[in-house]
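With positions in the sequence shown counted from 1, the corresponding number in the working numbering is that position plus 1169. Where a beta carbon is used, it is the ideal one built from N, C-alpha and C, also for glycine. Computed from a predicted structure; not experimentally measured. Notes follow once the structure below has been shown.
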Amino acid sequence: MSYTADDSRTNQTDRESAPPSQDEIASAADAMLAMVRAAKGMRIYLPNNPVLIKFVDELNSKMADHIARFGDLQLDVEPFALRYKGAELYRNEDPKDSLAFRVHTDGIRVLLFSEGLELRELKAFLGVIAFEQPSHQDDDIVTQLWERELPHVSYLLEEDLLGTLAPGEGGGADSQQDSITRFRSSHLELHRLPPRMVPKHLLMLSRDDAGWLRKARQSEVYRNPLDDVFHVVFAILSGVKEPGLFTDFLRITASLVENMFLIGDIGHVLVLVRFLNRLRERDGLSREQRQQVRDLMDGILTERNVQMLQEAIDGGEAVSYDEVRELLKTLGLPALSAICELLGRVEKLKMRKLIVEVLVELGKDRPEVFEPFLSDPRWYLVRNVVLVLSLLGTPKSLQMIVRLISHKEQRIRREVLGFLERSTDPKAKQYLLKYLRDDASALRIKALQSLARERLPFALKPILALTAAEDFKGRDLAEKRAVYEAIGELGSQEELDLFRDMLLKKRWFQKGATREAVLCAVAGLMKMGPPQARELLEQARSFRNPELREIVEQALAVLTAGQQSGEADGPDRRKEA
1170 MSYTADDSRT NQTDRESAPP SQDEIASAAD AMLAMVRAAK GMRIYLPNNP VLIKFVDELN
1230 SKMADHIARF GDLQLDVEPF ALRYKGAELY RNEDPKDSLA FRVHTDGIRV LLFSEGLELR
1290 ELKAFLGVIA FEQPSHQDDD IVTQLWEREL PHVSYLLEED LLGTLAPGEG GGADSQQDSI
1350 TRFRSSHLEL HRLPPRMVPK HLLMLSRDDA GWLRKARQSE VYRNPLDDVF HVVFAILSGV
1410 KEPGLFTDFL RITASLVENM FLIGDIGHVL VLVRFLNRLR ERDGLSREQR QQVRDLMDGI
1470 LTERNVQMLQ EAIDGGEAVS YDEVRELLKT LGLPALSAIC ELLGRVEKLK MRKLIVEVLV
1530 ELGKDRPEVF EPFLSDPRWY LVRNVVLVLS LLGTPKSLQM IVRLISHKEQ RIRREVLGFL
1590 ERSTDPKAKQ YLLKYLRDDA SALRIKALQS LARERLPFAL KPILALTAAE DFKGRDLAEK
1650 RAVYEAIGEL GSQEELDLFR DMLLKKRWFQ KGATREAVLC AVAGLMKMGP PQARELLEQA
1710 RSFRNPELRE IVEQALAVLT AGQQSGEADG PDRRKEA
């Protein structure tokens, strides 16, 4: 039995109308994957490279196998995807890398690979679609495919499909598929005809016009409908005179702000805030309308929006530091409470530093606005607010900070101590004495070191008083040494007698106490300087206890090395200070 061309077309149509099996979809997917691999290989390797030859041969094999088993391979072209009988085989939304985008941009809506497809045709086809078309390229993909004479590679353009719609048909998927079938049955050879000439009496596009049109068409793909909504709302609010309409569109704007926070789109939140900031300064608004805009801006950082902003900041890299800085600074002092709340929630250290910088700038003239947050139960928020106040460095800031010296949280007391150490205000140094009675040994030692380093004479008596306290004997050796080092740094001849007694007094049956006293006396003498220290240490060389004698010998060696290297002694340093 013989088959006519009509019979062949009938069998092809039957296969197309039948729903595809899983094997058919898998076969088409394998062919599509091989095509993508070969297209990428074309961009990477030279034509004679074995890897590229392998990719192209594999594509030829996959295509031939699919066509032999299931008939022609028809790919429906979408802006960023290629489909086979409704199944998506390929998707790439990068315009510079997407095969679908290149083909779709030039108007091709269907690609068809027919029986008899040759290796030469596949290479020529890939040579056209694998590469991004340069902006100066005169010939589009359609023209290049036509020039290469590919009898088994067919394509349908958008205008071809629209021209074959039957009267009364819409643009749905079924009608489009019927259109494709009719077009293939009667006009399959049209794409191999020369491009139609445009009558001379019609207006022709110049190269620059064509380039502009191409760019405009591509930019339409990236166009964000949300921006169009913004522009409409902005235009109405900028020109509307009727109070009721103005209020209605302000509510729409507030709703847009809420929705942008909800989806974490802080960039568009900033766009809205910028506009509102300009709008409230615009001439032509009534006093009531201007107040409405201010009220809207002042209420933007609600508790819910602060939570959404924090999640957007900590959730990834989508939110830029510049956007957050501009947003917070634009909302300004009325939003300070919400910004402090945000500071207490954000986990990213770099972003917390940014928020602190913004708060310093906003509160530089009114540090009292931070006072309510100093009693917040979250220690880390209080600590950060202390940092803000310390950076402000005003007398009012100092008054607010020193109230926290007795705070129950040690980390807050440490932050306050750090501020007192850094402060150049003489009044701040007086408060260091309060830390001599702190519950934490580490903070007491740190305060002692700071007082000694600053050589503050008013600290000597309170420090000497520590040595007479009942609980002093029970303190750690490290703290005792810090006490006597501070006495040595601040003391004079009278304190030298104290160290002589500690160093030379015999303590029968108290070897531990003797060793501790020697260590502390030596530490204090080393701070007083070579002349006084050397005299006493020479007297102490007569220790019978080898451990104590070793402590003294090491101290004398340090003094000798210091003199030889030209280091200044303790009294000279105090004189210079």
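Are the region 1222-1241 and the region 1254-1263 in contact at 8 Å, needing three or more beta carbon pairs? no
Residue 1535 versus 1513, 1558, 1546, residue with shortest Cα-Cα distance: Walking along the sequence shown from the start, residue 1535 turns up at place 366. Selected option, being the one with the closest Cα: 1558.
On a Cα-Cα basis, can you pick out the residue from 1290, 1546, 1549, 1554 that is closest to residue 1538? Looking up residue 1538 in the sequence shown gives position 369. Closest option to residue 1538, Cα to Cα, is 1554.
Taking 8 Å as the threshold, find out whether the region 1512-1523 comes into contact with the region 1452-1464 through three or more Cβ pairs. no
C-beta atoms of residue 1488 and residue 1524 nearer than 7 Å: Indexing the sequence shown from 1 puts residue 1488 at position 319. Indexing the sequence shown from 1 puts residue 1524 at position 355. Not closer than 7 Å, so no.
Can you have a look at residue 1235 and say buried or exposed, based on whether 16 or more other CB atoms are within 10 angstroms of its CB? Indexing the sequence shown from 1 puts residue 1235 at position 66. Label assigned to residue 1235: buried.
Residue 1616 in three-state terms, based on DSSP: The residue labelled residue 1616 in the question sits at position 447 within the sequence shown. Reduced to three states, the DSSP call for residue 1616 is helix.
Count the other CB atoms within 10 Å of the CB of residue 1647; is the residue buried (16 or more) or exposed (fewer)? Within the sequence shown, the letter at position 478 stands for residue 1647. Residue 1647 should be labelled exposed.
Which whole-angstrom value describes the C-beta separation of residue 1433 and residue 1480, a residue pair presumed to lie in contact below a C-beta threshold of 8 Å? For the purposes of this step, residue 1433 is identified with residue 264 of the sequence shown, where counting begins at 1. For the purposes of this step, residue 1480 is identified with residue 311 of the sequence shown, where counting begins at 1. That belief holds up - the Cβ atoms of residue 1433 and residue 1480 are roughly 7 Å apart, short of 8 Å.
Does the region 1593-1608 touch the region 1570-1582, meaning 3 or more C-beta pairs lie closer than 8 Å? yes
Which one or two residues does DSSP pair with residue 1323 in a beta bridge? For the purposes of this step, residue 1323 is identified with residue 154 of the sequence shown, where counting begins at 1. Beta-bridge pairing links residue 1323 to 1281.
Output the boundary residues of the alpha helix (DSSP H) element that contains residue 1654. As a working mapping, residue 1654 is identified with position 485 in the sequence shown. First-last of the alpha helix (DSSP H) with residue 1654: 1646-1659.
With burial defined as no fewer than 16 other Cβ atoms inside 10 Å of the residue's Cβ, what is the status of residue 1359: buried or exposed? As a first step, residue 1359 is located in the sequence shown; it is residue number 190 there, counting from the start. Residue placement at residue 1359 is flagged as unreliable, the pLDDT there being 46, under the threshold of 50; the coordinate-derived value follows with that caveat. The residue is exposed, with fewer than 16 neighbouring Cβ atoms inside 10 Å.
Mind the definition here: the region 1207-1224 touches the region 1237-1245 only if three or more C-beta pairs lie below 8 Å; say whether that holds. no
Look at the alpha carbon of residue 1412 and the alpha carbon of residue 1418, and state the distance between them as a whole number of angstroms. In the sequence shown, counting from the first residue as 1, residue 1412 sits at position 243. In the sequence shown, counting from the first residue as 1, residue 1418 sits at position 249. Looking at the two C-alpha atoms, the distance is approximately 10 Å.
Do the region 1192-1199 and the region 1262-1278 meet, that is, are 3 or more Cβ pairs less than 8 Å apart? no
Tell me whether residue 1637 sits in a helix, a strand or coil according to DSSP, three-state version. The sequence position of residue 1637 within the sequence shown is 468, counting from 1. Here residue 1637 sits in coil by DSSP.
Element boundaries [beta strand (DSSP E), containing residue 1253]: Your numbering for residue 1253 matches position 84 in the sequence shown. First-last of the beta strand (DSSP E) with residue 1253: 1250-1253.
Residue closest to residue 1595, alpha-carbon to alpha-carbon, out of 1661, 1564, 1405: Taking the first residue of the sequence shown as 1, we reach residue 1595 at position 426. Minimum Cα distance to residue 1595 is reached at 1564.
With 16 other CB atoms within 10 Å as the buried threshold, where does residue 1382 fall? As a first step, residue 1382 is located in the sequence shown; it is residue number 213 there, counting from the start. Under this definition residue 1382 is an exposed residue.
Euclidean distance between Cα positions of residue 1696 and residue 1713: On the sequence shown, residue 1696 is found 527 positions in, with the first residue counted as 1. On the sequence shown, residue 1713 is found 544 positions in, with the first residue counted as 1. Roughly 25 Å separates the two Cα atoms.
Could you name the residues of the same chain whose beta carbon sits closer than 7 Å to that of residue 1426, not counting the 5 residues immediately before and after it, in chain order? By one-based count along the sequence shown, residue 1426 stands at place 257. Here the set comprises 1438, 1441, 1469.
Length of the line joining the Cα atoms of residue 1208 and residue 1221: Along the sequence shown, read from residue 1 onward, the residue named residue 1208 stands at position 39. Along the sequence shown, read from residue 1 onward, the residue named residue 1221 stands at position 52. Roughly 9 Å separates the two Cα atoms.
Residue 1545 to residue 1509, Cα distance in whole Å? As a working mapping, residue 1545 is identified with position 376 in the sequence shown. As a working mapping, residue 1509 is identified with position 340 in the sequence shown. If I take the Cα positions, the gap works out to 11 Å.
Just to confirm my understanding: we take residue 1307, look at its own chain, exclude 5 residues before and 5 after, and list those with CB closer than 6 Å. What are they? Locating residue 1307 in the sequence shown gives position 138, counting from the first residue. Confidence at residue 1307 is low in this model, with a pLDDT of 49, below 50, so its placement is unreliable and no value can be given for it.
Counting contacts by CB-CB distance shorter than 7 Å, is residue 1510 in contact with chain C? Of the chains in the structure shown, none is chain C; there is only one protein chain.
So, under 8 Å CB-CB, residue 1531 and residue 1502 are touching, yes? Tell me the CB distance rounded to an integer number of Å. By 1-based counting over the sequence shown, the position of residue 1531 is 362. By 1-based counting over the sequence shown, the position of residue 1502 is 333. With 8 Å as the limit, residue 1531 and residue 1502 qualify as a contact, their Cβ atoms being about 5 Å apart.
Quick one: which unbroken alpha helix (DSSP H) runs of 4-plus residues sit fully inside the region 1476-1541? Chain order, please. 1490-1500, 1505-1514, 1518-1531
Relative to the ligand HEM, is the shortest distance from any of its heavy atoms to the C-beta of residue 1480 smaller than 6 Å? Because no ligand of any kind appears in the structure shown, any question about the ligand HEM cannot be addressed here.
Quick one, which of 1671, 1661, 1445, 1551 has its alpha-carbon nearest residue 1464's? Position 295 of the sequence shown, counted from the first residue, corresponds to residue 1464. Closest option to residue 1464, Cα to Cα, is 1445.
Among 1705, 1694, 1325, 1320, the one whose alpha carbon lies nearest that of residue 1311: The residue you call residue 1311 lines up with position 142 of the sequence shown. That would be 1325, whose Cα lies nearest to the Cα of residue 1311.
So, helix, strand or coil for residue 1417, using DSSP? The residue given as residue 1417 occupies position 248 in the sequence shown. Residue 1417 falls in the helix class under three-state DSSP.
Cβ-based neighbour list, residue 1327, same chain, cut-off 7 Å, excluding 5 preceding and 5 following: Start at 1 with the first residue of the sequence shown, and residue 1327 comes out as number 158. Within the same chain, residue 1327 has close Cβ partners 1276, 1278.
Is the CB-CB distance between residue 1430 and residue 1477 below 7 Å? Residue numbering aside, residue 1430 sits at position 261 when the sequence shown is read from its first letter. Residue numbering aside, residue 1477 sits at position 308 when the sequence shown is read from its first letter. Yes, they are a contact pair.
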